[in-house]
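Step one of this worksheet: look at the structure below.
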Amino acid sequence: MAQFRELRNRIVGIENTAKITSAMKMVAAAKLRRAQDAIIAARPYGQKLQELLQFLATTEEGAALSPLFEEREVERVAVVIITADRGLCGAFNTNVIKAATALMNTTYGPQKASGHLDVITVGKRAVDYFGRRSYNVVASYPGIFGSLDFSVARQIVNELTEAFLQGRVDRVTVIYNEFRSAIKQTVITTQFLPIPKLAEAARPAKPVDFIFEPSRADLTLSLMPKYLNTR
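Structure follows, in structure tokens:
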């Protein structure tokens, strides 16, 4: 009889646990949906802002408006590697780390060999991996995703911009996972600084003469911080 009561109590306990985990799953799904909606809603703004500044960088008049458009010989490079803080997420972190390692050993191999390759790690997985290996890690940002604050992103952007303007780096490359869906992300390797020009395929077949208000220079100075911070 005692064994029967114990078995019944265990069944009740399991049923209660199932109810709790079901509620947790519903809450997590709602949070994920809100995060997805926020990402999707913000993309058009960031994309159009990027297109506008890349167009300015492509024109002779625009390229002279800001030193952040300046293409120069790449002797010193900074690579920003962004991963998650935790594991147990399949190849999410591994793919970024593999892409970053391949880039630094091939494309930026000469800079690495000469000691002119700086690494900035964002996310605990990147911090742990590259911190234990022979890379010149100049800045690390572990554990920032638990309570992500836009001011942290702004701080990283300001430090990268300052390094570029002071000539401590000639190019800044960022490697991260771009969200596609809850089960699919794509590793992106993109040039952050100098602001790249529009690709040939994206340029209009005929030159387009836009009217900039209040002026091309004022617009560039106003949009530049917004562009960098939303990247």
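For the sequence shown, numbering that gives the first Met the number 0 assigns the number 0 to the initial residue and increments by one for each residue that follows.
The beta carbon of each residue, even a glycine, is placed where N, CA and C say it ideally should be.
Given the structure is predicted, the values throughout are model-derived calculations rather than measurements.
Supposed contact pair residue 194 and residue 235 - C-beta distance, whole angstroms, cut 8 Å: Residue 235 is absent from the model: the chain starts at 0 and stops at 230.
Residue closest to residue 225, alpha-carbon to alpha-carbon, out of 161, 183, 88, 156: Looking up residue 225 in the sequence shown gives position 226. When only C-alpha atoms are compared, the closest one is 156.
Distance between residue 49 and residue 42 (C-alpha atoms, nearest Å): For the purposes of this step, residue 42 is identified with residue 43 of the sequence shown, where counting begins at 1. For the purposes of this step, residue 49 is identified with residue 50 of the sequence shown, where counting begins at 1. For residue 42 and residue 49, the distance between alpha carbons rounds to 10 Å.
Contacting residues, own chain, Cβ-Cβ under 6 Å from residue 150 (five flanking each side not counted): In the sequence shown, the residue the question calls residue 150 occupies position 151. Cβ neighbours of residue 150 within its own chain (closer than 6 Å, five residues either side excluded): none.
Residue 227 versus 138, 119, 192, 82, residue with shortest Cα-Cα distance: On the sequence shown, position 228 is the one that residue 227 refers to. Restricting attention to 138, 119, 192, 82, the CA atom closest to the CA of residue 227 is found in 192.
Residue(s) in a DSSP beta bridge with residue 74: For the purposes of this step, residue 74 is identified with residue 75 of the sequence shown, where counting begins at 1. Residue pairing of residue 74 in beta bridges, as defined by DSSP: absent, with no partner found.
Backbone CA spacing between residue 200 and residue 121 [nearest angstrom]: In the sequence shown, the residue the question calls residue 200 occupies position 201. In the sequence shown, the residue the question calls residue 121 occupies position 122. Confidence is the limiting factor: at residue 200 the pLDDT is only 48, short of 50, which leaves the residue's position unreliable, though a coordinate-based value still follows. In this structure, the alpha-carbon of residue 200 lies about 32 Å from that of residue 121.
The region 84-99 / the region 210-220 touching (three or more Cβ pairs under 8 Å): The region 84-99, when compared against the region 210-220, does not touch it at the 8 Å Cβ threshold.
Residue 116 vs residue 173 beta-carbon contact at 9 Å: Here residue 116 corresponds to residue number 117 of the sequence shown, with the count starting at 1. Here residue 173 corresponds to residue number 174 of the sequence shown, with the count starting at 1. No, these two residues do not count as a Cβ contact at 9 Å.
Inter-residue spacing [alpha-carbon to alpha-carbon] between residue 104 and residue 98: Translated into positions along the sequence shown, residue 104 becomes position 105. Translated into positions along the sequence shown, residue 98 becomes position 99. The alpha-carbon atoms of residue 104 and residue 98 are separated by roughly 10 Å.
For residue 7, three-class secondary structure by DSSP: Counting from one through the sequence shown, the residue named residue 7 turns up at place 8. Helix, per DSSP.
At least 3 beta-carbon pairs within less than 8 Å: the region 68-77 vs the region 166-186: The answer is yes - the region 166-186 touches the region 68-77, with three or more Cβ pairs under 8 Å.
Contacts around residue 142, its chain only, beta-carbon distance under 7 Å, and the 5 residues preceding and following it disregarded: One-based indexing of the sequence shown puts residue 142 at position 143. So the list reads 84, 123, once near-sequence residues are dropped.
Residues of its chain near residue 145, where Cβ-Cβ distance is below 8 Å and the 5 sequence neighbours each way are ignored: Residue numbering aside, residue 145 sits at position 146 when the sequence shown is read from its first letter. Exclusion of the five residues before and after residue 145 leaves 84 as the residues of its chain whose Cβ lies within less than 8 Å of its Cβ.
Cβ-based neighbour list, residue 111, same chain, cut-off 6 Å, excluding 5 preceding and 5 following: Walking along the sequence shown from the start, residue 111 turns up at place 112. Excluding positions up to five away in sequence, the list reads 103.
Span separating the alpha-carbon of residue 176 from that of residue 138: If you number the sequence shown from 1, residue 176 lands on position 177. If you number the sequence shown from 1, residue 138 lands on position 139. Rounded to the nearest whole angstrom, the CA to CA distance from residue 176 to residue 138 is 20 Å.
Residue from 213, 184, 163, 223 whose Cα sits closest to the Cα of residue 70: By one-based count along the sequence shown, residue 70 stands at place 71. Out of 213, 184, 163, 223, the CA that lies nearest to the CA of residue 70 is found in 163.
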